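Novice: Structure incoming, see below.
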Amino acid sequence: MSDENFLDNPFYIALSRQFSDLYAKACARKCIICIPIKSSLHMLSRGNSLMKHRALIPKAELGLHILQPSPLQSLEEGLYDCVQNGYSVKIERPTGGKNGIIRGYSGFARSFSAEILSEEKCYDEKSGGSFTMLIIDHPLGEGMDVYTKPPPTLEYTFDKLSSASCEDYLRESLGSLDSACIIGTFKKSIEQLYRTYVLLEGYLDDLASKIRSLVTKTVDESVRAVPSINRRDTAAAFEVFGHNILYPKLFPFLHEKEYAAREKVISVNMESVRKPTTIDGLNIESATFPLAAATLLKLPAQTSPLQQLVCVASALQALQTDRNIIPKESSPFHRVQSTSSITARAGRHTTS
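Numbering follows this note's numbering, with no gaps: position 275 of the sequence shown is 1053.
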């Protein structure tokens, strides 16, 4: 038996008291009941009351840990079906001193293995049945809720791709334990990079390269911790999160040293170029583009290059929408063109 009493285990308490029908069925069928040790139940780390246990352990999760012999055991030794339909595991018992290992066989989203720490034959006084108790080092499949809950998604819109939304996405994707460690380490690395880096014009490209390398390293660490995580969305979330830490410090320097001179040169060149009055039949001096203008007004508030890119893309889409709304017949250019064509047709008719 392990060093903890399974009668005090919240997993066993929820099974025997809340889902007594499931517990009675396991005893009547002489099933194998797998009980994860208390320290592996991260979902119960914030409370030890029975009511919290009832709220946090669903019946489907408990059904994964009640095993009955599979009809296919004659073909493959050690195969067991879970009471929760659609799932099966395989118990491997080595010849050495170890108690064995439980591996996922079918139905689970990814492969896993749980070590059997101890085994005990138990009897239930109420039903008169018996069952085999296996104490394992962590829940089978890391919890049924991981597989039934849809994975979080990151919305690529400039008004929702914020530092807060990216941080929420990372915490939800990585879980409470992994996210606290990975996000905390990433934030410290970004701040340390700024404190130890010399802001000179020639070093900006190198600084951008270091940030990209840090994001890639953090994403690799996240994928190792949670293999099912979306790598593309995770990289974008860390990029926005990191840029929002750095850019308030870098923007004044970038504008003063890098962009001010360039903006002046661009302004002079634009003034020297004759401005077009019509584009594709539209008089650009009188035409208005309300949706695109409203979208571009939000561009200065975006602190990340990715946010700015998404905002500009949204403005281009809005510009196309505005152009489709404006009738070309109302533009002066189109009216002049239409009048000229009518005059030409009238002249040809008179000549004939």
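All C-beta atoms in this analysis are idealised placements derived from N, C-alpha and C, irrespective of residue type, glycine included. Quick caveat: nothing in here was measured; it's all calculated off a predicted structure.
#1: Looking only at C-alpha atoms, which of P1068, D984, Q1085 and H916 sits nearest to R1101?
#2: Can you tell me whether DSSP reads P814 as helix, strand or coil?
#3: Buried or exposed for A833, please, with buried defined as at least 16 other CB atoms from any protein chain shown within 10 angstroms of its CB.
#4: Can you give the beta carbon distance from C812 to I914, rounded, assuming they're within the 8 Å contact cut?
#5: Give the C-beta separation of Y947 and L932 to the nearest angstrom, bearing in mind that I take them to be a contact with Cβ-Cβ under 8 Å.
#6: Distance check for T1099 and S1201, CA to CA, integer angstroms please.
#7: Residue range of the beta strand (DSSP E) that G882 falls in?
#8: With a CB to CB cut of under 6 Å and the five nearest residues on each side skipped, what residues in its chain are close to I844?
#9: Identify, in the order they occur along the chain, each residue of the same chain with its Cβ nearer than 6 Å to the Cβ of M911, setting aside the five sequence neighbours on each side.
#10: Please determine, among P1026, K1042 and L840, the residue with the shortest C-alpha to C-alpha distance to E969.
#11: How many angstroms separate the CA atom of L819 from the CA atom of A1014?
#12: Tell me which same chain residues have a C-beta within less than 7 Å of the C-beta of N1022, skipping the five on either side of it?
#13: Under 8 Å between the Cβ atoms of L918 and L842?
#14: For my contact list, R881 and P1005 are in at a C-beta cut-off of 8 Å; report their separation, rounded to the angstrom.
#15: In this structure, does DSSP put D859 in helix, strand or coil?
#16: Compute the distance between the beta-carbons of Q1086 and V1018, then report whether it is under 8 Å.
#17: Mapping the DSSP letters down to three states, classify Q1098 as helix, strand or coil.
#18: Is the beta carbon of V1088 closer than 8 Å to that of K939?
#19: Where do the ends of the alpha helix (DSSP H) carrying A806 lie?
#20: Specify the secondary structure class of K904 as computed by DSSP and reduced to three states.
#21: Quick check on the DSSP output: the alpha helix (DSSP H) that includes I791 runs from which residue to which?
#22: Going by beta carbon distance, what residues of the same chain come within less than 6 Å of S957, once the five residues before and after it are set aside?
#23: Looking at C-alpha atoms only, which residue of K988, T996, D984 and S848 is the closest neighbour of G962?
#24: Mind checking which residues open and close the alpha helix (DSSP H) that includes K1076?
#25: Given this structure, state the Cα-to-Cα distance separating D1011 from A1072, to the nearest angstrom.
#26: Measuring alpha carbon to alpha carbon, tell me which residue in R1009, S943, S908 and S848 is nearest N863.
#27: For the beta strand (DSSP E) that contains S866, what are its first and last residues?
#28: Under 7 Å Cβ to Cβ from A1093, same chain only, skipping five residues before and after it: list those, please.
#29: I'd like to know whether the C-beta atoms of L857 and Y883 end up nearer to each other than 8 Å.
Specialist: Quick answer:
#1: Per the Cα distances, P1068.
#2: Reduced to three states, the DSSP call for P814 is strand.
#3: Residue placement at A833 is poorly supported in this model, since its pLDDT is 41, which falls under 50; the coordinates are not used for a value here.
#4: About 5 Å separates the Cβ atoms of C812 and I914, confirming a contact at the 8 Å cut-off.
#5: In this structure Y947 is in contact with L932, their Cβ atoms being roughly 5 Å apart against a cut-off of 8 Å.
#6: Residue 1201 lies beyond the range of the chain shown here (779 to 1130); nothing can be said about it.
#7: Segment I879 to S884, the beta strand (DSSP E) holding G882.
#8: Correct list, in chain order: A804, C809, I811 and V861.
#9: So the qualifying residues of the chain are I811, E898 and C900.
#10: Of P1026, K1042 and L840, the residue nearest in Cα terms is P1026.
#11: Take the alpha-carbon of L819 and the one of A1014: they are about 31 Å apart.
#12: Excluding positions up to five away in sequence, the list reads S941, T1081 and S1082.
#13: Contact: yes.
#14: The Cβ separation is near 16 Å, so there is no contact.
#15: Here DSSP, grouped into helix, strand and coil, assigns D859 to strand.
#16: No. Outside cutoff.
#17: Helix at Q1098.
#18: Looking at the sequence provided, one finds Leu at residue 939 rather than Lys. Remark: C-beta atoms of L939 and V1088 approach each other more closely than 8 Å.
#19: Looking at the DSSP string, the run of the alpha helix (DSSP H) that includes A806 is S798 to A806.
#20: Assignment of K904 by DSSP, reduced to helix, strand and coil, places it in the coil class.
#21: Per DSSP, I791 belongs to the alpha helix (DSSP H) from P788 to I791.
#22: If we look at S957 and ignore the five residues flanking it on each side, its Cβ neighbours are L948 and R949.
#23: Nearest C-alpha to G962: T996.
#24: Unbroken run through K1076: none, as it is neither H nor E.
#25: Going by C-alpha positions, D1011 is about 27 Å away from A1072.
#26: Selected option, being the one with the closest Cα: S848.
#27: Where S866 is concerned, the enclosing beta strand (DSSP E) stretches over S866 to E870.
#28: Cβ within range, chain order: A1070, T1073 and L1074.
#29: Cβ distance < 8 Å, so L857 and Y883 count as in contact.
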